[in-house]
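Novice:
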Amino acid sequence: MNDGLTDLYQEVILDHSRNPRNFGPAEEADRTARGNNPLCGDRVTVFLNLDGDEISDAQFDARGCAISLASASMMTEMIKGKSVAEAKALFEKFHALVTGKNGVGASPDLAELETLSGVKNFPTRIKCATLAWHAMVAALDGADEDVKTE
Amino acid sequence: MAINVIIKPTFDVERVRQDFPILSEEVYGKPLVYFDSGASAQKPRAVIDAISTVYETEYANVHRGVHYLSQKATDAMEAAREIVRAFINARDIREVIFVRGATEGINLVASSWGRQNLSAGDEIILSVMEHHSNIVPWQLIAEQTGAVLKVVPISDDGALDMNAYADLMSDKTKMVAITHVSNALGTITPVEEIIRIAHERGVPVLLDGCQAAPHMALDMQALDVDFYVFSGHKIYGPSGIGVLYGKSELLEAMPPYHGGGEMIDVVTFEKTTYADLPFKFEAGTPHISGIIGMGAGIEYINGLGLDNIAAHEHDLLEYGTAKLSEINSLKMIGTAPEKAAILSFVLEAVHPHDVGTILDREGIAVRTGHHCAQPVMDRYDIAATIRASIGMYNTRKEIDVLVAGLGRVQEIFGQ
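Top line first, the protein sequences correspond to chains F and P.
Just so we're aligned, residue 14 is where the first sequence starts under the numbering used here, counting upward by one.
Just so we're aligned, residue 3 is where the second sequence starts under the numbering used here, counting upward by one.
#1: Is Gly77 (chain F) close to chain P, meaning its C-beta is less than 8 Å from at least one C-beta of that chain?
#2: Val368 (chain P) and Arg389 (chain P) - do their beta-carbons sit closer together than 8 Å?
#3: Just to confirm, are Arg398 (chain P) and Leu332 (chain P) a CB contact at a threshold of 8 Å?
#4: Cα separation between Cys374 (chain P) and Thr270 (chain P)?
#5: So, using beta-carbon positions, are Arg363 (chain P) and Asp20 (chain F) closer together than 8 Å?
#6: Give, in chain order, every unbroken run of the alpha helix (DSSP H) that is at least 4 residues long and sits entirely within the segment 44-99 of chain P.
#7: Below 8 Å, how does it come out for the segment 320-328 of chain P and the segment 62-81 of chain P: are there three or more Cβ pairs, yes or no?
#8: If we define contact as Cβ-Cβ less than 8 Å, is Leu110 (chain F) a contact residue for chain P?
#9: Can you pull the chain F residues whose beta carbon is under 8 Å from the beta carbon of Arg363 (chain P), in chain order?
#10: Looking at chain F, which residues of the segment 28-43 of chain P have a Cβ within less than 7 Å of any of its Cβ atoms?
#11: Which residues of chain P have a Cβ atom closer than 7 Å to the Cβ of Phe135 (chain F), listed in chain order?
#12: Taking the beta strand (DSSP E) that Ala179 (chain P) belongs to, which residues open and close that run?
#13: Thinking just about the alpha-carbon of each residue, which of P:Leu404, P:Glu58, P:Ile24, P:Ile143 is nearest to the one in Gln44 (chain P)?
#14: Which value, in whole angstroms, describes the spacing of the CA atoms of Met256 (chain P) and Thr337 (chain P)?
#15: Is Gly416 (chain P) buried or exposed, if buried means 16 or more other CB atoms sit within 10 Å of its CB?
#16: Where Ala144 (chain P) and Leu120 (chain P) are concerned, what is the direct C-alpha to C-alpha distance, given to the nearest angstrom?
#17: Are any of the Cβ atoms in chain F nearer than 8 Å to that of Met265 (chain P)?
#18: When you compare only the Cα positions, how much space is there between Gln146 (chain P) and Gln376 (chain P)?
#19: Name the chain P residues whose beta carbon is nearer than 7 Å to that of Asp55 (chain F)?
#20: Give the DSSP-derived three-state secondary structure of Tyr276 (chain P) in the structure shown.
#21: Where does the unbroken beta strand (DSSP E) through Glu328 (chain P) begin, and where does it stop?
#22: Use the C-beta contact count for Leu404 (chain P): other C-beta atoms within 10 angstroms, 16 or more gives buried, fewer gives exposed.
#23: If you measure beta-carbon to beta-carbon, which residues of the segment 230-241 of chain P are closer than 9 Å to chain F?
#24: Using a beta-carbon distance below 8 Å, is Arg138 (chain F) in contact with chain P?
#25: Just to confirm before moving on: does the CB-CB distance between Ser233 (chain P) and Ala104 (chain P) stay below 8 Å?
#26: Check this for me: beta carbons of Ile344 (chain P) and Gly188 (chain P), under 8 Å apart or not?
#27: Can you look up Ala219 (chain P) in the DSSP assignment and give me helix, strand or coil?
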């Protein structure tokens, strides 16, 4: 059945949602930011440690759907070791991917995140996929206020 | 010899479905299965036609106009007010106030009644399963007046804890504002008892009737309730229109909520006197076609018989509860003995949002989320539920489609 669901819920996504990597509240973090989706009540907190300009560690704690957990889990894996600018650039590419604005041929930088491209066919779920990323950027910017999707 | 044949009216759901044009729509190539009437009900042809007729043949601004169309529109609107009065068995047509919806009705009472009657330390009793629209207006007035909110808990099945309610009642209690039927759980609250206990202390009661009005007969005089609100779009009428019922002696004593045209008697810059009920609370040009459309929705319900509708929905509630309970990883949220036709549930290990997306592709419209009732979600320590809310046009076959859709969810999530 080609209704987009099998693209959306690929095995790798289900695996990340069942066994999220870098999951749980961090004891200590240089930067912390919370994201909140008032539409569905989902919440995510992103914890980052910085070594100069480099993200030395990334962790998250969340309550959410498979898409938001998988996206957050992959994100924490991908941004470790990246500079602040690189992490933000990756979000730009990821955002283009899930909103279907990246045109043909995705960026190789996206790697496993590519599996979330099915989200573009489910506009109501884009916010699920991007919530943790918005929180990550807010943490990098040192914003005090919680991030909201609305 | 005369033979009297009495034909008991029966409820033919297939005929009813034909009255709702949208039900023949397809979603992703599949027949629409609409289980979101608790959020907003679909509209029968009678309502759609009534609204068209207003604009095609009888539209003008209401009241004060001397010309033919203005009089005709005024008559149609005031006829709808009488339809509403009879629907809720209010004593007096002046007690029927048209508002934008239940939310505005509650805000009107909280603000107008609250400003006049609440002061620091006074208490307002709500329940933990209120919709945000019956929480936030009271919080706003509490902030302004120094009043305090007191919250009645529920038991695990979602029934209101009436002992706790009686215990919360005190000399400081100034208002009780409680839902008649919980939108998140389906619980029907014991409103007669709630009102009796409040009235023993002379405390007025506001009931949020949004989920009750489409499913059960309402009688304001028998209930002796002080304020009652409901929305037009949940009783098969248009959105943007609703009803505030209030006892006339209470409404008369309250200051206006909004100022403007329609609600005045004489205006000078020194002093304005206000119009009588109901117009005192209806500033500005009303939602004329909405009022008339809501009246048509009520007449449609009356034609079928609310008792027949309720019996049909109760059958689906029982059938749906039994069918869903067969699913191992499914847990019903809200299993109070007295329930309206709302099936709220969670699946183990699959988030409601994911369930909603998968069901959507099967053509099934359910609501997933906190249902604007976050405190009751917190009560169950969950973020969200999947809610299938039943309307008069739903069928047993559609329940089967829902159950099959949940099978697809389990398939995709490998359970």
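Just so it is clear, CB atoms sit at the ideal spot from N, CA and C, and this is done for glycine as well.
Specialist: For this structure:
#1: yes
#2: yes
#3: no
#4: 43 Å
#5: no
#6: 47-59, 70-90
#7: no
#8: no
#9: Asp16, Gly17, Leu18
#10: Tyr30
#11: Thr359
#12: 175-181
#13: P:Ile24
#14: 39 Å
#15: exposed
#16: 8 Å
#17: no
#18: 23 Å
#19: Ala385
#20: strand
#21: Run containing Glu328 (chain P): none; DSSP gives neither H nor E here.
#22: buried
#23: none
#24: yes
#25: yes
#26: yes
#27: coil
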